[in-house]
Amino acid sequence: MFWIFVLALCGATTANVERISGGNLAALNQFPSAVSIQHISRADPSRFIQGHICGGTLVTRSYVLTTGTCVHETHEPNSPLIILNQYRVFAGSVNLLENNMNRIRTPVNITLHPNYIGPPALVNNLALIGVSIMYRT
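Under mature numbering (1 follows the signal peptide of the UniProt record, and there is no 0), the residues of the sequence shown are numbered -15 to -1, 1 to 122, in order.
What follows is the structure, encoded as structure tokens:
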């Protein structure tokens, strides 16, 4: 029985978790308005975790449209809004691990839809995040 287990391990391959099943890699600049909203590591403020929290899209050079649930600390309806200086907005690359400062902005304000209702209803689940410096077009 032991040898069957060893042989099974020898023939096993690891799953490619970096790809969506049936998906394709995006080309650089294919989706220029797509952004990643990321949490900054609390353990080491000088580095960013690989923690994509949620996505959004640039609707102007200084505002990101995202979900209302994205700007809450938890997905609970009455949870507090995120603490802005613990997050960053990342745009302009298909590589989320890149730390090019031209792609990173600090969120400076949040506008939650005035009629937002959180989970489970998710009514008017919209928010705008203003960034510190406008992105170039």
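A virtual CB, placed ideally from N, CA and C, is assigned to each residue, including glycine.
Setting aside the 5 residues that flank it on each side, residue 13 is surrounded in the same chain by 78, 79, each with a C-beta closer than 8 Å to its C-beta; the list follows chain order. Nearest neighbour of residue 51 by Cα position, chosen from 96, 8, 82, turns out to be 96. Scanning 87, 10, 24 for the CA closest to the CA of residue 68 turns up 24. In the structure shown, the three-state DSSP call for residue 56 is helix.
If the five residues before and after residue 71 are omitted, its C-beta is found closer than 6 Å to the C-beta atoms of 25, all from its own chain and listed in chain order. Counted as a single uninterrupted DSSP element, the beta strand (DSSP E) harbouring residue 21 occupies residues 19 to 25. Taking C-beta atoms as the reference points, residue 74 and residue 116 count as a pair closer than 7 Å.
DSSP places residue 73 in the uninterrupted beta strand (DSSP E) bounded by 72 to 76.
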